[in-house]
Amino acid sequence: MSSLALSAAEEDGFQPPTISETHLPEIFPWMAEWGTGFGKNMLMAVLAVILIWWLFSAAIRKQALVPSRGQFLAEGAYGFVRNTIGRDILGDKHFKPWIPLLFTVFFFVLFNNLFGAIPFLQMPTFSHAGPAYAMAGIIWITWVALGFKLYGAKFMKLMTVPSGVPKPLLIILTPLEFLSNFVIRPLTHSLRLMAVMLAGHIIVMLCGSGAEFLITQAEGAFNTGLGVAILLGSVPLYFLELIMMVLQAFVFALLTAIYIQGSIEADAH
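Sequential numbering from 1 applies to the sequence shown in the working numbering.
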């Protein structure tokens, strides 16, 4: 933030932070201009996998009838995904095979979101469109492949041709259903996560850099007091962003379960 304030002073005015200023250089920059360099985003995704594996492995390593604090938290987290997201959405008959996927999706998104609360890491992994598209793409392939596995080619008809609709209306509704289910659904699944993560963090950055500029660079007691007020106001915004990070992980995993459930019961209507 200091560099942002200094650049603002040199230009005789406040220069708001940009997304590029939150990024570190590519760690291994080969072919980086085509987006293939190994950067901080990729590093955080790998780190999330390692942390999830380490935390849950450590928590269940010494299982006991009377659980330790770590075991209690791990079992509670697993039970939340299993029951609230898995069983309540997919039903008692279908939920068990999908618990590993839902557990992975929820905690992978959660850990990558929470990285945005750590100053050095700065931006949540899913505040970039690429990782969000990749995650939504994996889920899209999963539920579409499941639908074709269960129903074959009939799955396309089940997902695009509403039942009980007069045939003349199908000329309009069928393309809309196709776009809604196979195009718009994965786009909104990814962009919802990306937009919320990016917007929340940019707001916190603006508050921090603006407060620093007013306190350290601008003249006058009023500007200093305003900077302090903005700085204090950014604290509840920071915690609000933490809540949104958890909520978005839950929403992403919940929608994953809903899409899978839709494929399993595509012929229910």
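Backbone N, C-alpha and C fix where the C-beta goes; we use that ideal spot for every residue, glycine too.
- Annotated three-state conformation of Asp92 is coil, per DSSP.
- Our two residues, Thr142 and Ala134, have alpha carbons roughly 12 Å apart in a direct line.
- Only exposed fits Gln63, as fewer than 16 other CB atoms lie within 10 angstroms of its CB.
- Classified as exposed, Phe120 has fewer than 16 neighbouring CB atoms from the shown chains inside 10 Å of its CB.
- Around the CB of Trp98, 16 or more other CB atoms lie within 10 Å, so the residue is classed as buried.
- Between Met245 and Gly116 a beta carbon distance of about 7 Å is seen, short of the 8 Å cut, so the two are scored as contacting.
- About 7 Å separates the CB atoms of Met197 and Gln248; that is less than 8 Å, so the two are in contact.
- Between the stretch 176 to 196 and the stretch 122 to 129 there are three or more inter-stretch CB-CB distances shorter than 8 Å, so the stretches are counted as touching.
- The beta carbon of Thr174 sits closer than 7 Å to those of Thr160, Val161, all from its chain and outside the five residues before and after it, given in chain order.
- Remark: C-beta atoms of Ala58 and Gly39 do not approach each other more closely than 9 Å.
- DSSP assignment within the stretch 48 to 102 yields the following whole alpha helix (DSSP H) runs of 4 residues or more, N-terminal first: 69 to 79.
- Here Ala253 is buried. Its C-beta has 16 or more other C-beta atoms within 10 Å.
- Residue range 221 to 264 is occupied by the alpha helix (DSSP H) that includes Gln261.
- Here DSSP, grouped into helix, strand and coil, assigns His128 to coil.
- Its chain contains Ser234, Leu237, Tyr238, Glu241 as the residues whose beta carbon lies nearer than 8 Å to that of Val204, once the 5 sequence neighbours on both sides are disregarded; these appear in chain order.
- Residue nearest to Val251 within the set Asn113, Leu47, Ile50, Lys96 is Asn113 (criterion: CA-CA distance).
- Every alpha helix (DSSP H) stretch that sits fully inside the stretch 143 to 224 and reaches 4 residues is listed by chain position as 154 to 160, 167 to 179, 185 to 216.
- Contact between Phe103 and Ala74 is absent: CB atoms are separated by about 11 Å, not below the 8 Å threshold.
- Beta-carbon to beta-carbon, Phe95 and Ala48 are separated by about 24 Å, too far to satisfy the 8 Å threshold.
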